[in-house]
Amino acid sequence: MSAPVRQDGGAHSRGEGASAGSARTAPGVRLMQKVSSTRAFARIAPHFVPAMDRAVHRLTRGRVILSARMLPGVVLTARGARSGLARTTPLACMPEADGDSWVLIGSNFGRPGHPAWTGNLLAHPDASISWKGRDIPVRARLLEGEERASAWRAALNFWPPYATYQSRIDREIRLFRLERRA
Numbered sequence: 011m012s013a014p015v016r017q018d019g020g021a022h023s024r025g026e027g028a029s030a031g032s033a034r035t036a037p038g039v040r041l042m043q044k045v046s047s048t049r050a051f052a053r054i055a056p057h058f059v060p061a062m063d064r065a066v067h068r069l070t071r072g073r074v075i076l077s078a079r080m081l082p083g084v085v086l087t088a089r090g091a092r093s094g095l096a097r098t099t100p101l102a103c104m105p106e107a108d109g110d111s112w113v114l115i116g117s118n119f120g121r122p123g124h125p126a127w128t129g130n131l132l133a134h135p136d137a138s139i140s141w142k143g144r145d146i147p148v149r150a151r152l153l154e155g156e157e158r159a160s161a162w163r164a165a166l167n168f169w170p171p172y173a174t175y176q177s178r179i180d181r182e183i184r185l186f187r188l189e190r191r192a
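Sequential numbering from 11 applies to the sequence shown in our numbering.
#1: Please list, in chain order, all residues of the same chain as Gly90 whose beta carbon is under 6 Å from its beta carbon, the five residues on each side excluded.
#2: What three-state label does DSSP hand Ala192 in the structure shown?
#3: Which one of Glu189, Asp145, Ile139 and Gly109 has the shortest CA to CA distance from Leu152?
#4: Report the rounded CA-to-CA distance for Ser140 versus Arg187, giving the unit in angstroms.
#5: Along the chain, where does the alpha helix (DSSP H) that runs through Trp127 open and close?
#6: On the three-pair Cβ rule with 8 Å, is the segment 174 to 181 touching the segment 116 to 123?
#7: Could you check what DSSP says for Pro147 in three-state terms: helix, strand or coil?
#8: Taking Ala165 as part of the beta strand (DSSP E), name the residues at either end of that continuous run.
#9: Exposed or buried, which one is Glu106 when buried takes at least 16 other CB atoms within 10 Å?
#10: Using the Cα positions of Leu185 and Ala161, report the straight-line distance between them to the nearest angstrom.
#11: Contact check, Arg191 vs Asp136 under 8 Å by CB: the rounded distance?
#12: Provide the residue(s) that pair with Ala102 in DSSP beta bridges, ordered along the chain.
#13: When we look at the beta-carbon of Ala133 and count the other beta-carbons within 10 Å, is it buried (16 or more) or exposed?
#14: So what does DSSP say about Gly109, is it helix, strand or coil?
#15: Assuming Gly3 and Leu101 form a contact by the criterion Cβ under 8 Å, report the distance between their Cβ atoms to the nearest whole angstrom.
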């Protein structure tokens, strides 16, 4: 990936809201979409992308996530489903137009199992995110039915490789809406 990018939208290749449409054809975005759709990427990315994002996020006090060059990102902190301990996970997100909600896509890079963070949110929906350097308390809700179908269409428009991820697996990719808590 390229050099670190601020989370404040300064170098993002699309607008902040889900209605902003798919990624603009900025240099590298189409290439990254193709690369991220490969099985090789699905095998290796889960081992290095989150670790790099965590380290850079910690060093920049929440202002930078490396993978935010391609997609907006949050750092989710949720209690573990079994342990109850705080679990921190850097994730791509789809910010919604209202500015107070985000959609998380549990694609797991198109690998068979649901990512652990989705089980954590099912067990403990009250969580927090680091977004643009700010900690925000949120409540997660698993999307179902027409609400999920609508969010899925927006996600495919936002980042087309999600269709490839879904085509490789039998499980339905979980989508969560995070809404700001008071």
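Note that beta-carbon positions come from the ideal geometry of N, C-alpha and C, so glycine has one too.
With the given structure in hand:
#1: If you number the sequence shown from 1, residue 90 lands on position 80. The residues are Arg97 and Asn130.
#2: Within the sequence shown, the letter at position 182 stands for residue 192. Three-state result, Ala192: coil.
#3: Residue mapping note: residue 152 aligns to position 142 of the sequence shown, counting from 1. That would be Glu189, whose Cα lies nearest to the Cα of Leu152.
#4: Translated into the one-based positions of the sequence shown, residue 140 becomes position 130. Translated into the one-based positions of the sequence shown, residue 187 becomes position 177. Rounded to the nearest angstrom, the two C-alpha atoms are 15 Å apart.
#5: Along the sequence shown, read from residue 1 onward, the residue named residue 127 stands at position 117. Unbroken alpha helix (DSSP H) run through Trp127: Ala126 to Ala133.
#6: yes
#7: Translated into positions along the sequence shown, residue 147 becomes position 137. In this structure, Pro147 counts as strand in the three-state DSSP scheme.
#8: To locate residue 165, count along the sequence shown from 1; it is residue 155. No beta strand (DSSP E) holds Ala165; the alpha helix (DSSP H) holding it covers Gly155 to Phe168.
#9: Here the question's residue 106 lines up with position 96 in the sequence shown. Result: buried.
#10: For the purposes of this step, residue 185 is taken as the residue at position 175 of the sequence shown. For the purposes of this step, residue 161 is taken as the residue at position 151 of the sequence shown. Roughly 8 Å between the two C-alpha positions.
#11: On the sequence shown, position 181 is the one that residue 191 refers to. On the sequence shown, position 126 is the one that residue 136 refers to. About 7 Å; that satisfies the 8 Å criterion.
#12: As a working mapping, residue 102 is identified with position 92 in the sequence shown. DSSP lists Gly83 as partners of Ala102.
#13: Here the question's residue 133 lines up with position 123 in the sequence shown. Flag for Ala133 reads exposed.
#14: Taking the sequence shown and counting its residues from 1, the one referred to as residue 109 is at position 99. The answer is coil: DSSP assigns Gly109 none of H, G, I, E or B.
#15: One cannot answer for residue 3 here, as it falls past the ends of the chain, which runs 11 to 192.
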